[in-house]
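Input: a single structure, listed below in structure tokens.
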Amino acid sequence: MTLKKIMWLGVLPVFAMTACTSLDDNSEWRDDSRDIKFTSYISGTAHRAAGTNWDNGDRVGIFMTNHGAGLASATASNRQYIADAQGNLTAATADDALAFPESGAAQDFVAYYPYQTVSGTTVAVNVTDQTSPAALDLLYADNAQNITSGTVNLGFDHQLAQVVLNITADATIPTTAGLSVQAANVLTQGTFDLSDGTLTATTSSTGTVTFNTNENGTQATAILLPATDASSITLRFTLDGQTVEKALTVSALEAGTSYSIPVRLGNSGGSIYVQFGSATINPWTTVTGGDIDVDFNGGTTDPDPDPQPGTETTIFEETFGDEVAKKDNGYWPSLDETDLWTSTSGLTFTDPQQIGGGFSYSNVSIRQTSTMDPHAWLPAEKESQMKIEGFNTTGCTDLTLTYDIAANASGEQSVIRLMWGDTEITVPSAAITTTNQYQTVTITGLTAGVTSLTFISEKATNTAGYRIDNIKLVGTK
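In this text, residue positions in the sequence shown follow this note's numbering: the first is 24, and each later residue adds one.
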């Protein structure tokens, strides 16, 4: 929906230089290249309209400006970049490609999705056509600021609201196929100012939006403009020529929030009726809303006031600093020899493999290359681990871990295993096909109350050498 990598160096001193040369022949001081590499993530990706992170071919617009100058003074405006499924962004054309200025001046970046022609710093918003909800899912990133070099990791947040109706029927309804759902009295148009992230609805655009309903009529989805007061919005269900209209069961539509509402259909005395279950709010947290029963021939019961969602909090974020130097002996510092940590104070970084084996240093090292900022290096054909502990997840929901991973040869991202406390968690399988090019791993659904995270590299499976960067853990409180 900006994490840096942690890697492990570890060989007997007499062989250390040889190992570094053969497994990491790019690990020298960075060059003067000014080209910018963009990666990205989407906050709360489990609730994106498309149901995934990025789709291959998604197009975003990127602005670059001198740090603190404001978007109106952008040095590059609305450059078009194309995303792959891992969130890597590539310039659509040579003319779109961005580079850091030769002066070395720090830059700020603003980005949005989906790409469109922009008037100044304003993009148009129109949710009338729900044929492709993902194309309406306005995303905005302004987290990348005061950057002079290296990879720019853009964090996109949802700016609209999503309503998902999960529809079931009792035995009196033979099928929900053919069901049509509309939302009436909604604002359908507006503008979004990229300079400050402000969405302004067009007050004269009140109308009706038809939900995107699947073929079986079991789920209907709509992307809507945020509304502080949603009490006037009604849902209109039409099936087999009968229509029932009922009030939306949430009191407000908040930006970046997905509202999941169970809907049950039935037929009583020849009239279709609709019953709503408790609404679940997913702004990266889950909150139960009020219940409401709806009948075509009866009245409505107003929902209870909707509980407000929690706030997404960064529990820790490790980027390994801006520069790392080799030691006097020419080797990169190992995990136990450095204090480069940029994360929240109070955390510790250790190698259980080193401690358990009684070794004098960790096989994990912190290094950089000519094109890659400091990161953790887990060398090929070595046993190594990196344990981060001391963070607090008590009381958190929707815990999400993201990190960047690259390999020194073709590889597989799941080769580097993860322990969440004392429990191993599944790393999604994905091939690494391009040498030393980062891709982002996202893991959701982590349990609360855990205080440690361990990256594990095994001699038998790590045959390439892996880089870990930009480790970030977020949760909602």
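Ideal placement from N, C-alpha and C gives every residue a C-beta, glycine not left out.
In this text the structure is predicted, and so the values were computed from the model without any measurement.
Close-in-space but distant-in-sequence residues of the same chain around I295 (CB under 8 Å, 5 per side omitted): I196, F260, L262, D263, Q265, V267, L288, G289 and F319
Who pairs with M87 in a beta bridge, going by DSSP? A99 and F132
Quick check for students: name the residue ranges of the beta strand (DSSP E) that lie wholly in the segment 430 to 495, counting only runs of 3 or more. 440 to 443, 446 to 448, 462 to 469 and 475 to 480
Comparing C-alpha positions only, which one of D165, A483 and H398 sits nearest to G91? D165
Okay, do the segment 421 to 439 and the segment 450 to 462 touch, 3+ Cβ pairs below 8 Å being the bar? yes
If you pair each beta-carbon of the segment 442 to 450 with each one of the segment 481 to 488, do three or more pairs fall below 8 Å? no
Please determine, among I59, D345, N239 and R390, the residue with the shortest C-alpha to C-alpha distance to E360. R390
Just to confirm, is the Cβ distance from V141 to G84 under 8 Å? yes
Determine the DSSP secondary structure at A117, reduced to helix, strand or coil. helix
Opening and closing residue of the beta strand (DSSP E) in which K410 lies: S407 to E412
In the DSSP output, what is S388 paired with across the bridge? S357 and W400
Given a cut-off of 8 Å, decide if L217 and F86 are closer than it, judged by their beta-carbon atoms. yes
Identified DSSP bridge partners for Q205: T233 and R259
Determine the burial state of G279: buried for a count of at least 16 other Cβ atoms within 10 Å of its Cβ, exposed for fewer. buried
Suppose the cutoff is 6 Å on Cβ atoms and the five residues either side in sequence are ignored; what does the same chain contact list for N101 look like? G84 and V141
Is it buried or exposed for I378, if we count other Cβ within 10 angstroms and need 16 for buried? exposed
If the criterion is Cβ atoms closer than 8 Å, does the pair I466 and L401 meet it? no
Is there at least one non-hydrogen atom of the ligand NAP closer than 7 Å to the beta-carbon of G488? Among the components of this structure there are no ligands whatsoever, and the ligand NAP is therefore not found.
Comparing C-alpha positions only, which one of I439, S393 and L202 sits nearest to L258? L202
Determine whether the Cβ of K350 lies closer than 8 Å to any Cβ atom of chain D. The structure shown contains no chain D, having only a single protein chain.
Please state the DSSP three-state secondary structure of S63. strand
Exposure of N149, with buried meaning 16 or more beta-carbon neighbours within 10 Å: exposed
How many Å lie between G220 and L188 at the Cα? 28 Å
Whether or not the segment 127 to 140 and the segment 159 to 176 are in contact is what I'm after, with contact meaning three or more pairs of Cβ atoms, one per stretch, closer than 8 Å; do they touch? yes
Candidates I256, D78, T223 and N89: closest to N169 by CA position: N89
Reduced DSSP category for V497 - H, G, I as helix; E, B as strand; rest coil: strand
My output table needs one value for I246: the three-state DSSP class, helix, strand or coil. strand
Measuring CB to CB, does A403 end up less than 8 Å from I491? no
Would you tell me roughly how many angstroms separate the C-alpha atoms of D160 and Q153, rounded to the nearest one? 10 Å
Quick check on N235: buried or exposed, where buried means 16 or more other Cβ atoms within 10 Å of its Cβ? buried
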